[in-house]
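Q: Structure incoming, see below.
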Amino acid sequence: MELTSWQFVAFSVAVVFLVNASRDARWRASVLALANVAFIASHLRAPSQALALAAMLVGGYVATRVVRRWNSRAVVGLAIALVVVGFLYLKHYSFMSFVPTLPFLYLVLGLSYILFRIIHLIVDTASGDIGKPIAVWEYFNYTCNFLTFISGPIQRFQDYRADAEAARALEAADVDEGMRRVIWGYFKILAVSATANVVFFKLSPALLQAGAHPALASACARYVATAAVYTVFLYYNFSGFIDVVIGFARLVGMRLPENFNKPFLAANFLDFWGRWHMTLSNWFRDYMFNPLLAALMGRFENPRLAPWFGVFGFFVTFAVMGIWHGATPVFVAYGLVMGLGASVNKAFKLFMTARLGRARYRDLCKAPWYVYLCRGLTFAYFTMGVTALWVDLAQLATIGRALGVVGALAAFVALSALGTASFAAADLAQAAWTAWTAFARIVHGANAATHDRAARPLAAAFALAGVLLVTLAVNTLYAQPPEFVYRAF
């Protein structure tokens, strides 16, 4: 059951009606449990394919119970280690190729997000942040929520429990916000990302064909175009799916955390990751970066070294985050590139602060030319980094041979210029629109504000209907909608 299918839409709508048929928390939990089982079953070809998932879930639940019963640093560390090793084995990362695999096919879909939720439960159970013991049905509904099973976002258990126990009645504001997010999300997926996907697949074959670029300029131009289009596809595909699940979750009484906050308006690479896949970034901050930083500061009690521990911590954290994305060597390269970008960004901030002082560096960061330059550089680095998401190691080598060092630098400069110009143009267009609407209010006089308030609901309804029609119209142009880009992670 793909999230872009009519079956998923009908399934989700049915769940919405059933959940809201009663405000009894047990009823709602039962409906969601059945929905989660049905959703997982839709991805199975045989019952045996669920064995690995079941083992992961049982192991995780036992780990949380053991940690609650015997709470010590050694027990927590062992529990996390066993869960992680089990995950690595089931995902069969390339560095574990020497270990024999299970003698049957099994479902790995959703395991990555389940791993994050289980580690969160183990750590927060040990710290006492989770109050009463976690019931089996709570654990299953939290770890296998059909809305977040494939795409996230990564919700904290405490927030999930609060929503489940509140069993809020569905209000008009929930319906309005939920439907708006669902429709807007499908527009992003089926219209914008689908179009970008078609363009990408028209550009990429020639780029990935060995020896297809006799001229460096041709190779560079094609790579820049392909990489930029893929980044557009990636953002609208990922954020669109998140909009859809947040919208449906709102309709069943869940307030899922946001996962995107205008990432391409970020001031730098670290700020970008504070806006992109935010729940993943926050998870790694809480459960890897902060503990690693605390361990380093406890081991080396030197205040002068403390800022540089952050540089090292960012490299390790982002490297692991990148490697999480895939089990092949190309994702190791991706993780190292992301780790290098984060650590260099942190080191640069330390250098500039020491060189200029905090006040002057803060003023520099507010200068418009510097803001757009940083946005362009961030866009270029991220765009080149996520090349690992659409090539394998051999194809990456083909691109490397076609570009060379000079071509790669030229591509980086071109992508930076493209990003800088695009973001500046977008801000200019927004400023022009704001000025025009302000001018229109002045021209129409004092009644304009009252008229705007009265017309706003109707205008919003027409806008949503228009977005829906455009989405359906554009979707008919393509053979099939694009899959969720993070589906395999």
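My numbering puts the sequence shown at residues 50 to 538.
Think of the CB as a built atom: it goes at the ideal place given N, C-alpha and C, for glycine as much as any other residue.
Given the structure is predicted, the values throughout are model-derived calculations rather than measurements.
Which word fits residue 32, buried or exposed, when buried means at least 16 other C-beta atoms lie within 10 angstroms of its C-beta?
A: Outside the modelled stretch of the chain, which goes from 50 to 538, sits residue 32, for which no answer is possible.
Q: Return helix, strand or coil for residue 58, following the three-state DSSP convention.
A: As a first step, residue 58 must be located in the sequence shown, where it is residue number 9. Correct three-state label for residue 58: helix.
Q: Could you check the C-alpha separation between residue 50 and residue 88 for me, to the nearest Å?
A: To locate residue 50, count along the sequence shown from 1; it is residue 1. To locate residue 88, count along the sequence shown from 1; it is residue 39. Spanning the two alpha carbons is a distance of roughly 7 Å.
Q: Any idea what DSSP makes of residue 250, helix, strand or coil?
A: Taking the first residue of the sequence shown as 1, we reach residue 250 at position 201. Of the three classes helix, strand and coil, the one that applies to residue 250 here is helix, per DSSP.
Q: Count the other CB atoms, across all protein chains shown, that sit within 10 Å of the CB of residue 503; report buried if there are 16 or more and exposed otherwise.
A: Your numbering for residue 503 matches position 454 in the sequence shown. With a pLDDT of 48 at residue 503, under the threshold of 50, the modelled position of this residue cannot be trusted, and the question is left open.
Q: Answer with buried or exposed for residue 485, where buried requires no fewer than 16 other C-beta atoms within 10 angstroms of its C-beta.
A: The residue given as residue 485 occupies position 436 in the sequence shown. Looking at its Cβ environment, which holds fewer than 16 other Cβ atoms inside 10 Å, residue 485 is exposed.
Q: Can you check whether the CB of residue 61 is closer than 9 Å to the CB of residue 378?
A: If you number the sequence shown from 1, residue 378 lands on position 329. If you number the sequence shown from 1, residue 61 lands on position 12. No; because the gap between Cβ atoms is not below 9 Å, this pair is not in contact.
Q: Based on Cα-Cα distance, which residue from 73, 459 and 221 lies nearest to residue 31?
A: Because the chain here runs from 50 to 538, residue 31 falls outside it and cannot be looked at.
Q: With DSSP collapsed to three states, give me the class of residue 503.
A: Within the sequence shown, numbered from 1, the residue matching residue 503 stands at position 454. In this prediction, residue 503 scores a pLDDT of 48, lower than 50, which makes its location untrustworthy; no coordinate-derived value is stated.
Q: If you run the structure through DSSP and keep just helix, strand and coil, what is residue 195?
A: Looking up residue 195 in the sequence shown gives position 146. Coil.
Q: In this structure, how does DSSP classify residue 367 when only helix, strand and coil are distinguished?
A: The count along the sequence shown starts at 1 and reaches residue 367 at position 318. In the structure shown, residue 367 sits in a helix (DSSP, three-state: H, G or I).
Q: Provide the residue span of the alpha helix (DSSP H) that contains residue 156, from first to last.
A: Translated into the one-based positions of the sequence shown, residue 156 becomes position 107. No alpha helix (DSSP H) holds residue 156; DSSP gives it neither H nor E.
Q: Using a threshold of 9 Å, state whether the C-beta atoms of residue 216 and residue 155 are closer than that.
A: Taking the first residue of the sequence shown as 1, we reach residue 216 at position 167. Taking the first residue of the sequence shown as 1, we reach residue 155 at position 106. No, they are not a contact pair.
Q: Alpha carbon to alpha carbon, how far is residue 185 from residue 310?
A: By 1-based counting over the sequence shown, the position of residue 185 is 136. By 1-based counting over the sequence shown, the position of residue 310 is 261. If you take the alpha carbons of residue 185 and residue 310, they lie about 34 Å apart.
Q: Three-state secondary structure (DSSP) at residue 53?
A: Here residue 53 refers to the residue found at position 4 when the sequence shown is read from its first residue. Note: residue 53 maps to coil in three-state DSSP.
Q: Can you check the segment 271-339 for any alpha helix (DSSP H) of at least 4 residues that lies completely inside it and give the ranges in chain order?
A: As far as the segment 271-339 is concerned, its whole alpha helix (DSSP H) runs of at least 4 residues are 318-322 and 327-333.
Q: Please confirm whether residue 385 and residue 429 have their CB atoms less than 9 Å apart.
A: Here residue 385 corresponds to residue number 336 of the sequence shown, with the count starting at 1. Here residue 429 corresponds to residue number 380 of the sequence shown, with the count starting at 1. No.
Q: In terms of residues, what are the limits of the alpha helix (DSSP H) holding residue 234?
A: Residue mapping note: residue 234 aligns to position 185 of the sequence shown, counting from 1. First-last of the alpha helix (DSSP H) with residue 234: 221-236.
Q: In its own chain, which residues sit with a C-beta less than 7 Å from the C-beta of residue 145, not counting the 5 before and 5 after it?
A: Residue mapping note: residue 145 aligns to position 96 of the sequence shown, counting from 1. Result list for residue 145: 137 and 138, in chain order.
Q: Does the segment 313-324 come close enough to the segment 339-351 to have 3 or more Cβ pairs within less than 8 Å?
A: With a cut-off of 8 Å, the segment 339-351 and the segment 313-324 do not count as touching, because too few Cβ pairs lie within range.
Q: Under a Cβ-count criterion, where at least 16 other Cβ atoms within 10 Å of its own Cβ denotes burial, should residue 312 be classed as buried or exposed?
A: Taking the first residue of the sequence shown as 1, we reach residue 312 at position 263. When all chains shown are included, residue 312 counts as buried.
Q: Tell me the DSSP secondary structure of residue 96 in three-state form.
A: Counted from its first residue, the sequence shown places residue 96 at position 47. Helix at residue 96.
Q: With residue 117 and residue 174 assumed to form a contact (beta carbons below 8 Å), what rounded beta-carbon distance in angstroms separates them?
A: Within the sequence shown, the letter at position 68 stands for residue 117. Within the sequence shown, the letter at position 125 stands for residue 174. Indeed they touch by this definition, with Cβ atoms about 5 Å apart.
Q: Over the uninterrupted alpha helix (DSSP H) stretch that includes residue 387, give me the two end residues.
A: Here residue 387 refers to the residue found at position 338 of the sequence shown. Per DSSP, residue 387 belongs to the alpha helix (DSSP H) from 378-405.
Q: Okay, do the segment 442-460 and the segment 402-417 touch, 3+ Cβ pairs below 8 Å being the bar?
A: No, they do not touch.
Q: Measuring only the C-alpha atoms, how far is residue 211 from residue 182?
A: Taking the first residue of the sequence shown as position 1, residue 211 is located at position 162. Taking the first residue of the sequence shown as position 1, residue 182 is located at position 133. Residue 211 and residue 182: Cα-Cα distance of roughly 14 Å.
Q: Check residue 257 in the structure and name its three-state DSSP category.
A: Residue 257 sits at position 208 when you count from the first residue of the sequence shown. Helix.
Q: Which value, in whole angstroms, describes the spacing of the CA atoms of residue 153 and residue 189?
A: By 1-based counting over the sequence shown, the position of residue 153 is 104. By 1-based counting over the sequence shown, the position of residue 189 is 140. Each residue's Cα considered, the two are about 24 Å apart.
Q: By Cβ distance below 7 Å, which residues in the same chain neighbour residue 317 in space, the five residues on each side in sequence not counted?
A: Counting from 1 along the sequence shown, the entry for residue 317 is found at position 268. For residue 317, where only same-chain residues beyond five positions count, the Cβ hits under 7 Å are 394, 423 and 427.
Q: What is the DSSP secondary structure of residue 374, reduced to helix, strand or coil?
A: Walking along the sequence shown from the start, residue 374 turns up at place 325. Coil at residue 374, not helix or strand.
Q: List the endpoints of the continuous alpha helix (DSSP H) containing residue 214.
A: For this step, residue 214 is matched to residue 165 along the sequence shown. 206-215 is the extent of the alpha helix (DSSP H) around residue 214.
Q: Our contact map puts residue 201 next to residue 308 with C-beta atoms below 8 Å; I'd like the distance itself, whole angstroms only.
A: Start at 1 with the first residue of the sequence shown, and residue 201 comes out as number 152. Start at 1 with the first residue of the sequence shown, and residue 308 comes out as number 259. About 6 Å; that satisfies the 8 Å criterion.
Q: With residue 167 and residue 125 assumed to form a contact (beta carbons below 8 Å), what rounded beta-carbon distance in angstroms separates them?
A: Along the sequence shown, one-based indexing puts residue 167 at 118. Along the sequence shown, one-based indexing puts residue 125 at 76. Not really, about 12 Å apart at Cβ, beyond 8 Å.
Q: Counting only the same chain and skipping the five closest in sequence on each side, list residues whose C-beta sits under 8 Å from that of residue 348.
A: As a first step, residue 348 is located in the sequence shown; it is residue number 299 there, counting from the start. Cβ neighbours of residue 348 beyond the five flanking positions: none.
Q: In chain order, what residues of the same chain have a beta carbon less than 8 Å from the beta carbon of residue 405, not counting five sequence neighbours either side?
A: Counted from its first residue, the sequence shown places residue 405 at position 356. Around residue 405: 413.
Q: Measuring only the C-alpha atoms, how far is residue 199 from residue 258?
A: The residue given as residue 199 occupies position 150 in the sequence shown. The residue given as residue 258 occupies position 209 in the sequence shown. Cα to Cα, the separation comes out at about 32 Å.
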